[in-house]
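> Numbering (this note's numbering), first residue to last: 11 to 288.
Glycine residues also receive a C-beta, built at the ideal position from the N, C-alpha and C atoms.
The structure presented is a predicted model; accordingly, all values stated were derived computationally and were not measured.
Have a look at the structure that comes next, please.
Below, the structure written as structure tokens:
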């Protein structure tokens, strides 16, 4: 899923993968190129520095430079560090036995509403029952958009217009999902063009009323390094256990590495386009 960044790193590491013993200069030169590849992929400067430093410490610490398979060890250490930095091999959604709920949060334009429908379809196709809740009570267009998307993917939708609070719509939608014995209720919330106190207060109210199983932050990597600050602010305010990286194909991969490394929030899903199937 990190094709561009992985390709760059692979090209660098391949220069030593077939070698036997290596000198410390070989390692320094290789890691210099690794760092350059990370920065070109929009990885946060501090993250890139820590990433390279960790790899070097492991290589030197394992005393593998004189090994006949030193090059292969460098490849493995780099790959393991990449996986570690991204939060592990695979991180599943938080869930209980039944009646789970997901609070979808993010800024305007992050693709949150489309992502809600994508996730609903994905869970439904895996044999689980799902309901959607339109809790963006500030934008009638968002409710209409989710109505169309829910119909397209064949998912039940609860909406109550724009005259009630987001917390009430969310709770009523969740309670309806429990009555219908849904495995998952996905709540699409309002975004802002920037994080503000009003937005976070509303989301906190929804979270307190519904007590969701999962809070999933939808991140638009087009925002570059700012995506790290956005993720940190949402995590500080809502304690997000994971995030959904949207519009992956327009990104080089560095934002995901930076967000997870800086905030500790793992990637749980990646969307590669605006279509429901992407």
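#1: Per DSSP, which one or two residues make a beta bridge with residue 224?
#2: Hey, would you say residue 157 sits closer than 9 Å to residue 228, going by beta carbons?
#3: Helix, strand or coil for residue 128 per DSSP?
#4: DSSP three-state call for residue 79: helix, strand or coil?
#5: Let me know if residue 161 comes out buried or exposed under the rule of 16 or more other beta-carbons within 10 Å of its beta-carbon.
#6: List in chain order: all unbroken alpha helix (DSSP H) runs of 4+ residues lying wholly within the region 150–203.
#7: Taking the straight line between their C-alpha atoms, what separation do you get for residue 268 and residue 48?
#8: Report back the beta-carbon spacing between residue 272 and residue 242 to the nearest angstrom; my notes put them in contact at under 8 Å.
#9: Please classify residue 141: does DSSP put it in a helix, a strand, or coil?
#10: Count the other CB atoms, across all protein chains shown, that sit within 10 Å of the CB of residue 274; report buried if there are 16 or more and exposed otherwise.
#11: Tell me, to the nearest whole angstrom, how far the beta carbon of residue 175 is from that of residue 143; I am working on the premise that it is less than 8 Å.
#12: State yes or no: is the C-beta of residue 199 within less than 9 Å of the C-beta of residue 110?
#13: For residue 281, count neighbouring C-beta atoms within 10 Å of its own C-beta (all shown protein chains included) and say buried if the count is 16 or more, exposed if not.
#14: If we call anything under 9 Å between Cβ atoms a contact, is residue 240 one with residue 197?
#15: Let me confirm a value: residue 45 is counted as buried when at least 16 other C-beta atoms fall within 10 Å, else exposed. Which label applies?
In this structure, then:
#1: 112
#2: no
#3: helix
#4: coil
#5: exposed
#6: 150–163, 176–189
#7: 10 Å
#8: 7 Å
#9: strand
#10: exposed
#11: The Cβ separation is near 13 Å, so there is no contact.
#12: no
#13: buried
#14: no
#15: buried
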